[in-house]
Ligand code: ADP
């Protein structure tokens, strides 16, 4: 009966359990693969992010430190202009000297001017170092000499460039190194002698070795921290991926335990309200649906074997009677006749079952065409008039002039026939059966009502099930009942037409079946089976 070959035979473990072990191994391997891939993704992401942040930060630090030196030198340049003047040498009037003006009693001024003269040079516009006003020594510090005094040609070119620029007071920067390799930033500019138009060249410098050290220390620190952070991040990623995947493995493990015989198993919800909970919910719902259809299949096979057993036992009885006890031709005939009747019932069941299973498995395709439902219903009522009269039941048709719809004629005839024959079957003499059809804008309503014995409330939800018959006085079905397949057909036909069916019944008073079909053959996807007593 089981349609899917991949399901285990209920109750049987997989042969020697090897396939289960194998799939569990697969599960572990798959989860490890996924975990590893997730961790690797984290690691790569962290590495790129850390490197990017490190480079960005280093670049920012470099520019801040650089700016600091430049700001400092900028301040010193202003101080130089305040404390130093280019003046004629009082002894040799033809030449100019660099004279420093500050209060020797003021320790601050003394320190400032000493600092200014740590790395400095003053030349004329041709690049010749001029003497100091006081010492008559060249106005260039030892530290500057260590860096290397600029070639006169270079200085000359710089002065010319500065004078040519629209901002002649502008200054420029140079990067130099001491003999020990320490980096020094130089700021140079043009200064003028008092009362004399010729430009002079002055430059001051400051070491920024400390900045380079800070940058190097930062780089080293980061180079050491990045692998450590990467390691920690990867471990954390591995741990988190493991945690995230645990419920998935749980789902897979439960899924493995589920077989045709224990479909009642459900995966416990985690109540986290996340995607995994949604997965579990979807999975559980799928198992619920599977369980329902398995139950249906089992019930169906039980019902079928039960239904077939009764006529087969009867046939066997008739044949045994014929074989062992019948003596006259009439007795033989009677036994054969009874056996044939049971065979008829048997083939009726088989035919109905075949048709129903074809319908439910989608092999029976509707042949829809535009037709007048009122005419179809009227013809059927005419056919049922004779048996209705014979049973002493008034059969009434309540039909408008026209009710067009796109439906399958054969199936709609089967639907009305089933409902009418049920109504006649379960209505006593003197009762009434009414068939009405009404057309709305985009739907057609078919109503079959009777004044028969009605259906007790507790049976209403089951009357559309296969082989379901409302028990009579005891637990056995009432004698007038048939196979219990008629309403299953009706339900399928309504569903196939995307319609709805509703049943109202009052025991002892009557039953009313209402069917709503889309007139154009297009409607909602749902079929409603509603019962009310
Ligand atoms: P059956 O072949 O037995 O009529 P159906 O599937 O057509 O099978 O109906 C299922 C059961 O529903 C019937 O056996 C009967 O007990 C009940 N039933 C159906 N229609 C009516 C009705 N109009 N009045 C009372 N009971 C009904």
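Residue numbers (this note's numbering): 15 to 547.
From the three backbone atoms N, C-alpha and C, an ideal C-beta is built for every residue, glycine too.
Note down, in chain order, each residue of its chain lying with its Cβ closer than 8 angstroms to the Cβ of residue 301, except the 5 sequence neighbours on either side.
-> What you label residue 301 is simply residue 287 of the chain shown in a count that begins at 1. 272, 277, 279, 280.
Option nearest residue 191 by Cα separation, candidates 241, 350, 157 = Stepping through the chain shown from its first residue, residue 191 is reached at position 177. That would be 157, whose Cα lies nearest to the Cα of residue 191.
Does the Cβ-Cβ distance between residue 530 and residue 513 come in under 7 angstroms?
-> In the chain shown, counting from the first residue as 1, residue 530 sits at position 516. In the chain shown, counting from the first residue as 1, residue 513 sits at position 499. Contact: yes.
When the Cβ atoms of the segment 331 to 351 are set against those of the segment 287 to 295, are three or more pairs found closer than 8 angstroms?
-> no
Would you tell me roughly how many angstroms separate the C-alpha atoms of residue 408 and residue 474, rounded to the nearest one?
-> Here residue 408 corresponds to residue number 394 of the chain shown, with the count starting at 1. Here residue 474 corresponds to residue number 460 of the chain shown, with the count starting at 1. Cα to Cα, the separation comes out at about 25 angstroms.
Would you call the segment 229 to 241 and the segment 159 to 173 in contact, with 3 or more CB pairs under 8 angstroms?
-> no
From the DSSP output, in three-state form, read off residue 491 for me.
-> Residue 491 sits at position 477 when you count from the first residue of the chain shown. Low confidence applies here, because residue 491 scores a pLDDT of 48, under 50, leaving its location unreliable and the question unanswered by this model.
Give me the Cα-Cα distance between residue 1 and residue 74, rounded to the nearest whole angstrom.
-> Because the chain is modelled from 15 through 547, residue 1 falls outside the range shown and cannot be assessed.
Is it true that the CB of residue 144 sits closer than 7 angstroms to the CB of residue 110?
-> As a working note, residue 110 is residue 96 in the chain shown. As a working note, residue 144 is residue 130 in the chain shown. Yes, the Cβ-Cβ distance between residue 110 and residue 144 is below 7 angstroms.
Any idea which residues DSSP pairs residue 200 with across the strands?
-> Here residue 200 corresponds to residue number 186 of the chain shown, with the count starting at 1. 188, 219.
Regarding residue 484 and the ligand ADP, is the C-beta to nearest heavy atom distance less than 6 angstroms?
-> Sequence index remark: in the chain shown, residue 484 carries index 470 (1-based). Yes; taking the cut-off as 6 angstroms, the Cβ of residue 484 has a heavy atom of the ligand ADP nearer than that.
Nearest-angstrom Cα distance between residue 561 and residue 412?
-> Missing from the structure shown is residue 561; the chain here goes from 15 to 547 and no further.
Would you kindly work out how many angstroms separate the C-alpha atoms of residue 398 and residue 443, rounded to a whole number?
-> Here the question's residue 398 lines up with position 384 in the chain shown. Here the question's residue 443 lines up with position 429 in the chain shown. When rounded, the distance between both Cα atoms is 15 angstroms.
So, are the CB atoms of residue 468 and residue 524 less than 7 angstroms apart?
-> Position 454 of the chain shown, counted from the start, is the residue given in the question as residue 468. Position 510 of the chain shown, counted from the start, is the residue given in the question as residue 524. Result yes, Cβ atoms of residue 468 and residue 524 sit closer than 7 angstroms.
Is it the case that the CB of residue 529 approaches a heavy atom of the ligand ADP more closely than 6 angstroms?
-> Within the chain shown, the letter at position 515 stands for residue 529. Checking every heavy atom of the ligand ADP against the Cβ of residue 529, none is found closer than 6 angstroms.
Does the beta carbon of residue 525 fall short of 6 angstroms from some heavy atom of the ligand ADP?
-> Taking the first residue of the chain shown as position 1, residue 525 is located at position 511. The answer is yes for residue 525.
Counting along the chain, where does the beta strand (DSSP E) carrying residue 528 start and finish?
-> Against the chain shown, residue 528 aligns to sequence position 514. Per DSSP, residue 528 belongs to the beta strand (DSSP E) from 524 to 532.
Inspect the CB distances between the segment 352 to 363 and the segment 313 to 332 and report whether three or more fall short of 8 angstroms.
-> yes
Same chain, Cβ closer than 7 angstroms to residue 108, neighbours up to 5 away in sequence not counted | Residue 108 sits at position 94 when you count from the first residue of the chain shown. Nothing listed; no residue qualifies.
Find out if the Cβ-Cβ distance for the pair residue 251, residue 56 is shorter than 7 angstroms.
-> Along the chain shown, read from residue 1 onward, the residue named residue 251 stands at position 237. Along the chain shown, read from residue 1 onward, the residue named residue 56 stands at position 42. Against a cut-off of 7 angstroms, the Cβ pair of residue 56 and residue 251 comes out as a contact.
Can you tell me where the beta strand (DSSP E) with residue 451 in it begins and where it stops?
-> Your numbering for residue 451 matches position 437 in the chain shown. Segment 446 to 453, the beta strand (DSSP E) holding residue 451.
So, is residue 320 buried or exposed, given that buried needs 16 or more other C-beta atoms within 10 angstroms?
-> Stepping through the chain shown from its first residue, residue 320 is reached at position 306. Classification for residue 320: exposed.
What runs of the alpha helix (DSSP H), each 4 residues or longer, lie entirely inside the segment 407 to 482?
-> 423 to 439
What are the partner residues of residue 150, as DSSP defines its beta bridges?
-> To locate residue 150, count along the chain shown from 1; it is residue 136. For residue 150, which the question treats as bridged, DSSP gives no partner whatsoever.
Top-ranked residue by Cα proximity to residue 206, from 229, 420, 96, 312 | In the chain shown, the residue the question calls residue 206 occupies position 192. It is 96.
Under 7 angstroms, do residue 534 and residue 430 count as touching if we go by C-beta distance?
-> In the chain shown, residue 534 corresponds to position 520, counting from 1. In the chain shown, residue 430 corresponds to position 416, counting from 1. Result no, Cβ atoms of residue 534 and residue 430 do not sit closer than 7 angstroms.
Cβ-heavy atom distance between residue 497 and the ligand ADP below 6 angstroms?
-> Residue numbering aside, residue 497 sits at position 483 when the chain shown is read from its first letter. Within the cutoff, so yes.
Could you give the DSSP three-state label for residue 2: helix, strand or coil?
-> Nothing about residue 2 can be reported from this structure: the residues present for the chain run from 15 to 547 only.
In whole angstroms, what is the alpha-carbon distance linking residue 231 and residue 118?
-> Here residue 231 refers to the residue found at position 217 of the chain shown. Here residue 118 refers to the residue found at position 104 of the chain shown. Straight-line Cα distance between these residues: approximately 41 angstroms.
Tell me whether residue 501 counts as near the ligand ADP, meaning its Cβ is closer than 6 angstroms to at least one heavy atom of that ligand.
-> The residue labelled residue 501 in the question sits at position 487 within the chain shown. Residue 501 Cβ: within cutoff of the ligand ADP.
Please classify residue 400: is it buried, with 16 or more other beta-carbons within 10 angstroms of its beta-carbon, or exposed?
-> As a first step, residue 400 must be located in the chain shown, where it is residue number 386. It counts as exposed.
Which of the three DSSP states, helix, strand or coil, is assigned to residue 549?
-> The chain is shown only over 15 to 547; residue 549 falls outside these bounds and no answer can be derived.
Contained beta strand (DSSP E) runs [length at least 3] in the segment 93 to 166, N- to C-terminal order | 98 to 102, 110 to 114, 134 to 138
Whose C-alpha, out of 126, 72, 287, 171, is nearest the C-alpha of residue 141?
-> Counting from 1 along the chain shown, the entry for residue 141 is found at position 127. For the residues 126, 72, 287, 171, the minimum Cα distance to residue 141 belongs to 171.
Verify whether the separation of the beta carbon atoms of residue 52 and residue 286 is less than 7 angstroms.
-> Here the question's residue 52 lines up with position 38 in the chain shown. Here the question's residue 286 lines up with position 272 in the chain shown. Not closer than 7 angstroms, so no.
Use the C-beta contact count for residue 463: other C-beta atoms within 10 angstroms, 16 or more gives buried, fewer gives exposed.
-> To locate residue 463, count along the chain shown from 1; it is residue 449. Classification of residue 463: buried, given that the 10 Å Cβ count is 16 or more.
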